[in-house]
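Residue numbers (my numbering): 15 to 180. Glycine is no exception: its CB is placed at the ideal position from the N, C-alpha and C atoms. A quick write-up on the structure given underneath.
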């Protein structure tokens, strides 16, 4: 493969454009220490970020009415088989309605409802889907707004584990 100056400039432009778009999309999102998160899941179990864990945690905001979120459901469910995942259903109804929706989809992630967007507001979520990778000290290592592949999330989890092991 031959690289030319013109091709290199185009590639640089694409990389800068993608970086600028990501920066714009992620403005206002929580960074640093994760906001407090203590709530009951749709099954009535207590969830707290303060509960010790040995691996990174994925915090995934979604909505039942979001078509992009639906595309990510299987990826999130697959990751939940290997890592702790908490999903937060934004403005998607009552716990019973969200539980029914998840049953219809054939997935069973640990889920909290956020009917009025209070939790989402604390995390700076302005659209769904939005995912955070939080390390063992509850520091946000990665955040992503919009569709993310399973490989992309797994890569970020792996990088978080590398960061933690140092």
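Endpoints, alpha helix (DSSP H) assigned at residue i
i           : result
residue 175 : 164 to 178
residue 115 : 109 to 119
residue 89  : 81 to 94
Residue i - DSSP class collapsed to helix/strand/coil
i           : result
residue 132 : helix
residue 47  : strand
residue 53  : strand
residue 145 : strand
Beta-carbon contacts of residue i that lie in its chain and below 7 Å, excluding the five residues immediately before and after
i           : result
residue 164 : 89, 92, 93
residue 87  : 119, 121
residue 60  : 54
residue 131 : 104, 105
Beta-carbon proximity list for residue i, same chain, < 8 Å, skipping 5 on both sides
i          : result
residue 46 : 153, 154
residue 82 : 142, 143, 160, 161
residue 2  : With the chain covering only 15 through 180, there is no way to say anything about residue 2.
Range covered by the beta strand (DSSP E) that runs through residue i
i           : result
residue 155 : 153 to 159
residue 63  : Premise fails: residue 63 is in no beta strand (DSSP E) and is neither H nor E.
Residues near residue i by beta carbon distance below 6 Å, same chain, minus five either side
i           : result
residue 70  : 147, 149, 171, 174
residue 136 : 49
residue 78  : 106, 115
residue 128 : 102, 104, 134
Residue i versus the options, residue with shortest Cα-Cα distance
i           : options           : result
residue 57  : 168, 151, 21, 117 : 117
residue 179 : 21, 68, 22, 167   : 68
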